[in-house]
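Numbering (this note's numbering), first residue to last: 7 to 261.
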């Protein structure tokens, strides 16, 4: 696995640790698990740079860590941003629903310590109800996020298409390959849990694996296109001088 991919993903455990630091000892403690599991919801968007690196390696192009940001120059960047916002909305709704499930079981009182919180969740009927219902609802959100992003983001990195086409293609891929997508979703969930356990540090290795594997899954389930995304290059700007004014306003008249 390329070391630059590991370096690129080092930001994710840092974000996770910051979220945990903000939550522990504060009223947001019940949201630590929903926030951590939310990586699965925004993962397809967060892995854009890895898709770009996979695309470049497949095409025989140079693929250093800096090339991950070339995706920002994609002609599909507007569609990428739109679907990214859609996943962020899904993530926000998940956090709100998770909080509502906690309140329904424990009320609005905040845990006074990590020990008390763990005791309440693991040894009380309300706690087990929270675990079962919360994970069940979370599974539905994860399935929705998988359907939205498993193919759409790699497709947008690979080709010049719109958000609607990418989203529809992703939905169709899930419908046509339900078993494959279900197994892939399970693999993602298991690997993310493994990555989250050692203080989020495992994400440094897990996320590059998932990112590059998602690209290969995209290649398996979506038929190759003869007209891939064009490589964008900045247009050379013709130099114009004050002496050309106002003729410069009417370039079609120049000979």
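Beta carbons are placed, not taken as given, at the ideal position from N, Cα and C, and that holds for glycine.
Margin query: Using C-beta distances below 7 Å, list every residue in its chain close to residue 183, excluding the 5 sequence neighbours before and after it, in chain order.
Written below: Excluding the 5 residues flanking it on each side, residue 183 has same chain C-beta neighbours closer than 7 Å at 227, in chain order.
Next item on the list: Please state if the CB of residue 136 and the CB of residue 107 are separated by a distance shorter than 9 Å.
Entry: The Cβ atoms of residue 107 and residue 136 lie closer than 9 Å to each other.
Next item on the list: Whole angstroms is fine: what's the gap from residue 79's alpha carbon to residue 161's?
Entry: If I take the Cα positions, the gap works out to 15 Å.
Next item on the list: Can you say whether residue 220 is buried or exposed, counting buried as having 16 or more other CB atoms within 10 angstroms of its CB?
Entry: So residue 220 counts as buried.
Checklist line | Length of the line joining the Cα atoms of residue 224 and residue 38 | finding: Roughly 31 Å separates the two Cα atoms.
Notebook entry, point to check: Taking C-beta to C-beta, are residue 111 and residue 133 nearer than 9 Å?
Noted result: The answer is yes: Cβ separation under 9 Å.
Next item on the list: Kindly list the residues whose CB is nearer than 7 Å to the CB of residue 198, restricted to its own chain and excluding five residues on each side of it in sequence; keep chain order.
Entry: Contacts found: 45, 46, 212.
Notebook entry, point to check: Between the region 68–76 and the region 115–126, do three or more beta carbon pairs fall short of 8 Å?
Noted result: Contact fails: fewer than three Cβ-Cβ distances are below 8 Å.
Next item on the list: Give the C-beta separation of residue 155 and residue 89 to the nearest angstrom, bearing in mind that I take them to be a contact with Cβ-Cβ under 8 Å.
Entry: Their Cβ separation, rounded to whole angstroms, is 7 Å, which keeps residue 155 and residue 89 in contact under 8 Å.
Margin query: Please report the distance separating the alpha-carbon of residue 68 from that of residue 163.
Written below: Counting only the Cα atoms, residue 163 lies some 16 Å from residue 68.
Notebook entry, point to check: Between the beta-carbon of residue 50 and the beta-carbon of residue 152, is there less than 9 Å?
Noted result: The answer is yes: Cβ separation under 9 Å.
Notebook entry, point to check: alpha helix (DSSP H) containing residue 218: first to last residue?
Noted result: First-last of the alpha helix (DSSP H) with residue 218: 209–227.
Notebook entry, point to check: Can residue 56 and residue 222 be called in contact, C-beta distance under 9 Å?
Noted result: Not a contact, by the Cβ cut-off of 9 Å.
Notebook entry, point to check: What alpha helix (DSSP H) runs, 4 residues minimum, are completely inside the region 72–148?
Noted result: Runs of alpha helix (DSSP H) with 4 or more residues, each lying fully within the region 72–148, are found at 83–112, 120–129, listed in chain order.
Item checked: Cβ-Cβ distance between residue 168 and residue 70 below 9 Å -> Not a contact, by the Cβ cut-off of 9 Å.
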